[in-house]
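Peer 1: When the letters of the sequence shown are read in order and numbered with UniProt numbering, they come out as residues 1 to 309.
C-beta atoms are modelled at their ideal positions from N, C-alpha and C, and glycine is treated no differently.
In this text the structure is predicted, and so the values were computed from the model without any measurement.
Just dropping this structure here.
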Amino acid sequence: MNQKNIEQRSLIIGCLWLFLMGISALTAYFATHLEALFVDAYFTLITLTTALLSIVISKISTKVSTRFPNGLFVLEPLYAFFQSLLTIILLTVSLITVGGKAYQYFVYGHGHLLNIAPVIPYEIIMVILSLTLSYFYKHQNKKIHNTSTLLSAETKSAMIDGIMSAGIGAAAFFILFISKNSPLSFLLYTGDSFITVIIVLFIIRVPLRIMKNALIEISGGLTQDQGIKSFIEGSIRSHLSNDFAINDCKVYKVGMSFKACIAISSKTHMIDTEKLAIYKNNILNDLSQKLAFINIVFVYSNVGKNEKS
């Protein structure tokens with residue numbers, strides 16, 4: 001099974017998993033009306049919606065055309081970027097919502113007792129499901145040497161869902177032991193507000209990091225995966241070092257597509273382009289064992305003139 005098939009199969013299984021989680025989350029929210037569960041439920045549904053889109057992107061990103069001869073791999077980091085942006089927007093909206101609720105309680109004394117009891121067993125199940133899904137995505141991505149931007153984004157998204165559920169469940173368990181006469185009795189009315197703020201502050205860095213990496217890929221920056229970079233450089237050096245001096249090697253990644261730009265110079269007075277072409281094919285054969293989509297560009301200097309191959 002090739003890398004794209006593994007990616008697409010994993011995303012389809014993930015969508016079915018997320019559908020069950022989304023229905024469960026919405027049921028729990030409408031039963032309790034906890035704002036923290038609103039974040040949890042709609043985050044799951046948004047993850048499901050974007051996961052369905054990721055399947056489409058995975059299928060079309062490899063298609064080449066006259067206008068896009070190298071495929072549409074840029075759609076993959078674009079997906080990761082906008083999925084993370086949507087996550088940040090949702091987290092921000094939830095902060096505004098719970099902030100308004102806490103303000104109403106502390107300023108005007110308006111509030112309702114939280115219905116905490118059903119939350120704990122639900123969140124235990126959601127933590128197990130979310131972290132299992134995150135592990136599944138991570139394991140599948142590892143099978144294809146962590147080259148999938150889509151699976152990487154889904155791994156982090158499922159992990160965020162699991163952390164949110166764990167935080168809500170732990171806080172709900174704590175609130176169960178607070179009496180109405182306790183100095184902490186305000187948590188019986190506003191506990192979900194504090195839970196939401198803590199969760200958002202804890203996980204906000206995850207989508208921000210995904211957005212940063214996606215922007216690097218979209219803007220043509222060098223790959224941040226040092227393992228892949230070392231693998232590509234090692235293969236190139238093992239083939240070229242006898243006949244060519246390798247002055248520089250830059251590795252670019254866009255989605256599951258990689259491009260290596262190698263600056264070389266000949267150890268003789270002339271560049272043997274036929275031998276270089278043979279080396280290029282041998283390198284590509286080696287790299288294709290791990291990387292399904294890889295291109296190599298040679299940049300060399302000969303008689304004071306820069307050339308490409």
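When you compare the CB positions of Ser94 and Glu123, do they come within less than 8 Å of one another, or not?
Peer 2: As a first step, residue 94 is located in the sequence shown; it is residue number 94 there, counting from the start. As a first step, residue 123 is located in the sequence shown; it is residue number 123 there, counting from the start. Cβ distance not < 8 Å, so Ser94 and Glu123 don't count as in contact.
Peer 1: Check the C-beta distance from Val74 over to Val254 and give it rounded, since I have them as a contact under 8 Å.
Peer 2: In the sequence shown, the residue the question calls residue 74 occupies position 74. In the sequence shown, the residue the question calls residue 254 occupies position 254. 6 Å between Cβ atoms; contact.
Peer 1: Based on Cα-Cα distance, which residue from Ile210, Ile296, Pro183 and Ile195 lies nearest to Phe82?
Peer 2: Taking the sequence shown and counting its residues from 1, one reaches residue 82 at position 82. Answer by Cα proximity: Ile210.
Peer 1: Have a look at residue 311 and Ser257 and give me their C-alpha separation to the nearest angstrom.
Peer 2: Because the chain here runs from 1 to 309, residue 311 falls outside it and cannot be looked at.
Peer 1: Identify whether Phe73 lies in helix, strand or coil by the three-state DSSP scheme.
Peer 2: Walking along the sequence shown from the start, residue 73 turns up at place 73. Phe73: coil per DSSP, three-state reduction.
Peer 1: Taking buried to mean at least 16 other C-beta atoms within 10 Å of its own C-beta, is Ile195 buried or exposed?
Peer 2: Here residue 195 refers to the residue found at position 195 of the sequence shown. Counting Cβ neighbours within 10 Å, Ile195 comes out buried, since at least 16 surround it.
Peer 1: Rounded to whole angstroms, how far is the Cβ of Val197 from the Cβ of Gly162, which I believe are closer than 8 Å?
Peer 2: As a working mapping, residue 197 is identified with position 197 in the sequence shown. As a working mapping, residue 162 is identified with position 162 in the sequence shown. Val197 to Gly162, Cβ: 19 Å. No contact.
Peer 1: Among Phe186, Leu91, Ile271 and Val251, whose alpha-carbon lies nearest the alpha-carbon of Ile199?
Peer 2: Mapped onto the sequence shown, residue 199 falls at position 199. It is Leu91 whose Cα lies nearest to the Cα of Ile199.
Peer 1: Nearest CA to the CA of Asn115: which residue from Phe173, Thr47 and Leu287?
Peer 2: Here residue 115 corresponds to residue number 115 of the sequence shown, with the count starting at 1. If we check each option's Cα against that of Asn115, Phe173 comes out closest.
Peer 1: Could you spell out the range, first to last residue, of the alpha helix (DSSP H) harbouring Phe202?
Peer 2: To locate residue 202, count along the sequence shown from 1; it is residue 202. From DSSP, the alpha helix (DSSP H) with Phe202 extends over Leu187 to Ile203.
Peer 1: Terminal residues of the continuous beta strand (DSSP E) containing Asp248?
Peer 2: The residue labelled residue 248 in the question sits at position 248 within the sequence shown. Taken as a continuous stretch (DSSP letters only), the beta strand (DSSP E) holding Asp248 covers Phe244 to Val254.
Peer 1: On the three-state DSSP scale, how would you describe Leu11?
Peer 2: The residue you call residue 11 lines up with position 11 of the sequence shown. Three-state DSSP puts Leu11 in a helix.
Peer 1: If you count every other CB in all the chains shown that lies within 10 Å of the CB of Glu76, and 16 or more means buried, which is it?
Peer 2: The count along the sequence shown starts at 1 and reaches residue 76 at position 76. When all chains shown are included, Glu76 counts as buried.
Peer 1: In its own chain, which residues sit with a C-beta less than 7 Å from the C-beta of Glu233, not counting the 5 before and 5 after it?
Peer 2: Counted from its first residue, the sequence shown places residue 233 at position 233. Correct list, in chain order: Cys249.
Peer 1: Considering only their Cβ atoms, is the gap separating Ile262 from Ile278 smaller than 8 Å?
Peer 2: Sequence index remark: in the sequence shown, residue 278 carries index 278 (1-based). Sequence index remark: in the sequence shown, residue 262 carries index 262 (1-based). It is not a contact, given that the beta carbons lie outside the stated cut-off.
Peer 1: Measuring alpha carbon to alpha carbon, tell me which of Ser219, Gln224 and Lys280 ends up nearest His239.
Peer 2: Sequence index remark: in the sequence shown, residue 239 carries index 239 (1-based). It is Lys280 whose Cα lies nearest to the Cα of His239.
Peer 1: Hey, how far is the Cα of Ile236 from the Cα of Gly220?
Peer 2: Here residue 236 refers to the residue found at position 236 when the sequence shown is read from its first residue. Here residue 220 refers to the residue found at position 220 when the sequence shown is read from its first residue. Computed Cα separation, rounded: 21 Å.
Peer 1: By DSSP's criteria, Asn295 is part of a beta bridge. Which residues make up the other side?
Peer 2: Start at 1 with the first residue of the sequence shown, and residue 295 comes out as number 295. Looking at the DSSP assignment, Asn295 forms a beta bridge with Lys259.
Peer 1: How many angstroms separate the CA atom of Thr190 from the CA atom of Gly99?
Peer 2: Residue 190 sits at position 190 when you count from the first residue of the sequence shown. Residue 99 sits at position 99 when you count from the first residue of the sequence shown. Roughly 10 Å between the two C-alpha positions.
Peer 1: Check whether the Cβ atoms of Ile175 and Leu188 sit closer than 8 Å, and answer yes or no.
Peer 2: Translated into the one-based positions of the sequence shown, residue 175 becomes position 175. Translated into the one-based positions of the sequence shown, residue 188 becomes position 188. Contact: yes.
Peer 1: Using 8 Å as the threshold, is the C-beta distance between Pro121 and Thr32 below it?
Peer 2: Within the sequence shown, the letter at position 121 stands for residue 121. Within the sequence shown, the letter at position 32 stands for residue 32. For Pro121 and Thr32, no; Cβs fall outside 8 Å.
Peer 1: Does the beta-carbon distance from Leu133 to Ala170 come in below 8 Å?
Peer 2: Mapped onto the sequence shown, residue 133 falls at position 133. Mapped onto the sequence shown, residue 170 falls at position 170. No.
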